[in-house]
Amino acid sequence: MELRDGRVNLFDGSEHVAPPPPGVMRWIDLPSADRPQLELMRERFDFHPLTIEDCSHLDQRPKLEEYRDHIFLVTQGFAAKGDKIHELELQELHAFLGERYLVTVHERPILALEEVWVRLSTEAKLLERGVDFAYYLVADGIVDDNFPILDIIADELEELEDSVLGSPKRQDLQRIFELKHHLVSMRKVLSPQRDVLGLLAKRGDSRVNDRTAVYLRDVYDHLVRINESIEANRDLLGNALDAYLSAVGQRTNEIMKALTIMSAVFLPLAFVVGFFGQNFDNFPLMKEWVHSDGLMWVMIAMCLSIPAGMLAWFKHKNWL
Amino acid sequence: MELRDGRVNLFDGSEHVAPPPPGVMRWIDLPSADRPQLELMRERFDFHPLTIEDCSHLDQRPKLEEYRDHIFLVTQGFAAKGDKIHELELQELHAFLGERYLVTVHERPILALEEVWVRLSTEAKLLERGVDFAYYLVADGIVDDNFPILDIIADELEELEDSVLGSPKRQDLQRIFELKHHLVSMRKVLSPQRDVLGLLAKRGDSRVNDRTAVYLRDVYDHLVRINESIEANRDLLGNALDAYLSAVGQRTNEIMKALTIMSAVFLPLAFVVGFFGQNFDNFPLMKEWVHSDGLMWVMIAMCLSIPAGMLAWFKHKNWL
Amino acid sequence: MELRDGRVNLFDGSEHVAPPPPGVMRWIDLPSADRPQLELMRERFDFHPLTIEDCSHLDQRPKLEEYRDHIFLVTQGFAAKGDKIHELELQELHAFLGERYLVTVHERPILALEEVWVRLSTEAKLLERGVDFAYYLVADGIVDDNFPILDIIADELEELEDSVLGSPKRQDLQRIFELKHHLVSMRKVLSPQRDVLGLLAKRGDSRVNDRTAVYLRDVYDHLVRINESIEANRDLLGNALDAYLSAVGQRTNEIMKALTIMSAVFLPLAFVVGFFGQNFDNFPLMKEWVHSDGLMWVMIAMCLSIPAGMLAWFKHKNWL
Amino acid sequence: MELRDGRVNLFDGSEHVAPPPPGVMRWIDLPSADRPQLELMRERFDFHPLTIEDCSHLDQRPKLEEYRDHIFLVTQGFAAKGDKIHELELQELHAFLGERYLVTVHERPILALEEVWVRLSTEAKLLERGVDFAYYLVADGIVDDNFPILDIIADELEELEDSVLGSPKRQDLQRIFELKHHLVSMRKVLSPQRDVLGLLAKRGDSRVNDRTAVYLRDVYDHLVRINESIEANRDLLGNALDAYLSAVGQRTNEIMKALTIMSAVFLPLAFVVGFFGQNFDNFPLMKEWVHSDGLMWVMIAMCLSIPAGMLAWFKHKNWL
Amino acid sequence: MELRDGRVNLFDGSEHVAPPPPGVMRWIDLPSADRPQLELMRERFDFHPLTIEDCSHLDQRPKLEEYRDHIFLVTQGFAAKGDKIHELELQELHAFLGERYLVTVHERPILALEEVWVRLSTEAKLLERGVDFAYYLVADGIVDDNFPILDIIADELEELEDSVLGSPKRQDLQRIFELKHHLVSMRKVLSPQRDVLGLLAKRGDSRVNDRTAVYLRDVYDHLVRINESIEANRDLLGNALDAYLSAVGQRTNEIMKALTIMSAVFLPLAFVVGFFGQNFDNFPLMKEWVHSDGLMWVMIAMCLSIPAGMLAWFKHKNWL
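Residue numbers (this note's numbering), protein chains in the order written: chain E, 1 to 320; chain X, 1001 to 1320; chain Y, 2001 to 2320; chain L, 3001 to 3320; chain B, 4001 to 4320.
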């Protein structure tokens, strides 16, 4: 059993940069994908040029490619940065899984991988279960890192729904779109990731022994659950968006109602005071009335009764 | 035939915590998933560590995992709390189905299981039909508990549709989203549950005999029906939401119409009384007219005819 | 060849309540699913308890279950009540199809079945083509009863589209939702019904001979066409709803335009008459002007030109 | 090689109304599906009663039914009437394809068929390539008639999009729904048509020789392309509808803005002239001011500055 | 190894216009699909008339057709014109891939093909890897040209989302529809393109050797990634459209609020000044009050307190 870290000066012609002799399990981790090292790997392990090409470019998609001596696997997942997730960090691991060797290449440090590395360094027997089991441990870690993100999203969604059904704010909308963005990104990566792991777990392959396949099936199960959560959350986000939009429409209604009620009260009043503001002295017919208080009382009565009537009518129409 | 309840002090080194001898059917129920008991089970029954891991964490998804000696099944369903469903309770049962033993693990009491347990305690012959039949009885109960929920949802939906097409209220919207939430949750669980039971019913497996398979197919049928109801209800909820939104838009229209009609009546009137409120004494041309009643009658005529004309026009435009 | 009707006093220990001897085709119809009769059938024909259970509960879903001696079939379809369809009646037939017998159970009278029964009573040779052919005739009738419903829906849809694009009414919306409700119900039933008949027509089964299979394929074809019509109608209903909603928005615009135009005309006028309503005697500067007609003509000119200008501008903006 | 047209008096006991002798290819076309002719065909060619039933009813769906001696094919497509498509004409051809004979039945004249008929009449050798090749020629013509329709729809769509993004009109909406109607109809027919021709082209069948299969695969390819165009056009129609709806909303905004700006200008002015229209002589405090021009200048200043201030504010809010 | 360019005067009876002798690889490129050349090719290479038909018409769809001696491939992709993509250029290559020859036909120059041609002219050994490898190089180039387009679209989308959530403009809407148009076009072409290359890479075919198949699988992978990006971008475009529409609704609200607030302030004021503008001298009751300043102060107090009260109420209702 051997663990070889590319960070340590492994590439000074070391004999360890090669498939191990029978009976030995060897895991080599290249924490940075620099070209000369990759070329050396290609020569010694007989990797296909296309896989080396892939390794030197991040942002591949999850895939499984079978070659004569090894399987080439691209494994991806997300890790949240901070508490409220505003940015997702894509974790990408390229792995060559042979019968007795595992070569992992990545550009940024992957927490799950570090943990497994440390664990294997101390529990030597674990690597003896096979390099496929080591791959399982890393993949399991990468996949499980997605759960907290979905939990946070679910929590935020619940908050959003409450906020949106209560008093929707412009920021809610922005947050809805942000979350949808995250879910689209996650689905784009984790849906093919699920298929890749399903493929790896289910088919018989000499590089994956039956005992490990059971564990990989478990990772596959997690990915199925993750993908179902993504779909359910997308559904609920659509809900929240609909609620937001309907709340905006509702608010338009409320504002309109306020405007209408005010107009209903004051437009007639403006007419009333305008009417009684006439210079009635001009009109012979009115002259006798005009200098009594009667007209004033009529006006005041109208100023009170018209708004009252309007409001009663609105009450009746259920607009208040 | 034996029934063993984990609640009874079964784990004091009891010999019953093990696969039964040939000819005996044994069902052990662990009503709480505490770790030491699970560990003991694992040793005695040779369960896979991953299944033990699953058993100690609720909120798995429905699944079927085959091992050499037994099938590991996660079965889920919902039970309503109270009459109007505001919260759904997820029921989750973990079961190990061997040829002669059934081990069930759950954290919260499952009503359907209790009923079957009591029934088997009294009708000893039933367990002799096999532990798979016992599993069927429990699964059937868990699945059938979902029907009343769907019935309630369908009833509420009908009420909602009436309310929304009549006089939509803000609470209707909230209820629509609540129901959609429930349906999303149910689909997330019951759609894989259907697949699991379909798988169990259809394939030949030594742990499930043909007679029981017929019954499991029946449970599968129920799940298909449940899932179809979920889809149909989702469709109708979308309907209700559309109706709500269109009702909101309609109401905006009505309010706008009221405002417009009022403005159409009173804005011209304001102009008329303003116009005739002029101090016509200033204008030589008008002087002769001004002190007769003619002008007043003209004004009054306009105050009556303009609103009447407006209302007639709106009538013609079909806005009243 | 025999036809036996459960309504006739068949269950007084009649020997006919049993599979017929070789060479004889027997069709027994139970027009009401009462328990003792079903129990008797179960004993004599060796039906599975679950099928008996199903028979005594309406509202199953279309399904095909194979047993050793017979196939159990649930066949469903809709019949319209009246001309304008406001309610759909679900027709449900439970059938046990053996090699020489057909047992049909239903709770409400099924028109298609009655017709076939009468036809077979008079044309004895038809039953000799096999009980599967009798089943085909009934299923064909039940399925074809759905066509008129779809025709009515299509007609109503066309009317709705015209109405909605012309002058949408609140009832249109209600009708749209009602039709959608019907289509959701129909799809829920007729989509599995199609699968069931496809299965029955296509697989080789000793209970369905090749000649009948050709006919069943024809019923299957009808169901495919029905399901395609349902989908197309759903699509067009979505269209009608969109048209309705956009018409509501359009109407808001028209009302707003009316309001805006009126305000545009009368608000400036109110200002003009207010302005010239000032007591210009107060202002020394104005005094000389004030008692000529000039000011009045200016005011009248403004009262005419401002509305004219506004309307011209609106004309230019294409709002009239 | 023979071509027989049902229009010519073929059914006077002609010996040609029958499968041809070996070595001869015979194509009989019935341009009207009248019952006695169909019955005669049925007897002589041994056609299945159900196919005769189908032939006498237009509006079947595309299908392929295999019988011992022949394949029964329903082929459908659309032809546009006029330049701007307002109505689509469904073309429906029923064909019996035997090894040495082809019987085609249709109710309305099918242009593509006429052309092929003429061509074969003059190029005798073409029919010697087999009756399947004759069927290919007709089917190819029927399918290719759909391309111009899709081209017209695509052109109209482009116009619609421009119109809708520029100055949307009520007719645009009507046209959008009309086009969608057409696309729904086309998909309903051409999607099963594609499957039927795919089936015919791909499977080995004695009635279709390998050379013709290559040509049928080409027709299948056209149908795939047609169906993809239908889907893409549906997508773009959705686009156009969204654009229309958003334009309506936008227009509401513009109208509202005009109203708000006008109100913002004239409501304060109405207050100002109302305020200064007070009879200040009443108030001792004002008396000294009132008969100077100062008050008038203040009023005029306010009448100019308030609208200016409002407009500046709206400018700042970006509403102008 | 030979490269033959149709532009060079190849068709003067050259012997090279024919399948090459064993041991020689020959690639002939026809940069313009003129009929006589195609006919010559057909004769010499025994191509199927349908493929020649296809070659002389652009705008086919990606496909793979197998003939005895060769595979006929239509390969399509897009290239952007300029920086901001306003128009996509469809690149279409028709290829006949035999065991020792590759014939490519296109109407417009294809950059990727030119590059490969030059490269092969200088690196003679590359063509010895087989004509299938030459096809791979061209297809790879055509497919990879799509990536920059998707990158540009993704960048624009991000800008659009920011703009739309900030201050949406009419042009944003236009751009959203333009991008959607592009994505619909791309999907229509690149989705079948993916299937074609998947088919070519995965099945064993004598014309594609195993070494090349690995490379084709890589192109297939790129196409899968491209199609996933298209879907994800469509999703996000839907987002942007929703955001735009909700922003329009929001803006309506803001405008309405401004209008309502202004009306709330000035309509009561108009009433107040109208009321106090009455000629109180007419009313005996008021006479004593009227010539003091008290009434004026009351009016001024109301002119200040009513707007203040209204604004406070709006503040309370959270409308400011």
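All C-beta atoms in this analysis are idealised placements derived from N, C-alpha and C, irrespective of residue type, glycine included.
Between residue i and residue j, what straight-line distance do the alpha-carbon atoms span, to the nearest angstrom?
i	j	result
X:Gly1274	Y:Gly2294	19 Å
X:Phe1011	E:Ala213	32 Å
X:Ala1243	Y:Asn2233	19 Å
Y:Leu2245	X:Leu1093	47 Å
X:Asp1205	E:Asp59	44 Å
E:Ala264	X:Ala1240	33 Å
Y:Ala2079	Y:Arg2108	12 Å
Y:Ser2056	Y:Arg2035	7 Å
Y:Phe2314	Y:Ile2261	8 Å
Y:Glu2161	L:Asp3151	26 Å
E:Lys149	E:Leu190	A small fix is needed here, since residue 149 of chain E is Ile in this sequence, not Lys. If you take the alpha carbons of E:Ile149 and E:Leu190, they lie about 13 Å apart.
B:Val4118	B:Leu4127	12 Å
E:Arg207	E:Asp144	23 Å
Can residue i and residue j be called in contact, C-beta distance under 8 Å?
i	j	result
Y:Leu2259	L:Leu3259	yes
Y:Leu2088	Y:Gln2076	no
X:Ala1033	X:Val1105	yes
E:Pro19	E:Phe45	yes
E:Asp54	E:Val74	yes
Y:Ile2321	Y:Arg2042	Absent from the model: residue 2321 of chain Y. The displayed extent of chain Y is 2001 to 2320, so no value can be given.
L:Val3248	Y:Asn2253	yes
L:Leu3165	B:Gln4250	no
Excluding the five sequence neighbours on either side, which residues of its own chain have a C-beta within less than 6 Å of the C-beta of residue i, listed in chain order?
i	result
B:Asp4069	Gly4098
X:Leu1236	Leu1157
L:Arg3004	Leu3010, His3016 and Ile3028
B:Ile4230	Leu4183, Met4186 and Arg4187
L:Phe3276	Met3299
Considering only residues of the same chain and omitting the five flanking positions on each side of residue i, which have a CB-CB separation below 8 Å?
i	result
B:Pro4022	Arg4100
Y:Lys2081	Glu2087, Leu2088 and Glu2089
E:Leu40	Phe11 and Val17
Y:Ile2153	Ile2085, Leu2179, His2182, Leu2183 and Asn2233
Who are the near neighbours of residue i in its chain, counting only those whose CB is closer than 7 Å to its CB and skipping five residues on each side?
i	result
Y:Gln2037	Gly2006, Phe2011 and Leu2030
X:Met1256	none
Cβ pair count under 8 Å reaching 3, the region 1219 to 1228 of chain X against the region 1189 to 1204 of chain X: yes
Meets three-Cβ-pair contact criterion under 8 Å: the region 1058 to 1071 of chain X and the region 1159 to 1170 of chain X: no
Chain X contacts made by the region 228 to 258 of chain E, where a contact means CB separation under 7 Å: Glu228, Ala232, Asp235, Leu236, Asn239, Asp242, Ala243, Ser246, Gly249, Gln250, Thr252, Asn253, Met256 and Lys257
Touch test, the region 4101 to 4115 of chain B against the region 4131 to 4140 of chain B, Cβ-Cβ under 8 Å, three pairs minimum: yes
Contact residues within the region 2037 to 2070 of chain Y, judged by C-beta distance below 7 Å to chain L: none
Proximal residues, the region 121 to 141 of chain E versus chain X, C-beta separation under 8 Å: none
Residues of the region 1097 to 1108 of chain X with Cβ closer than 9 Å to any Cβ of chain Y, in chain order: none
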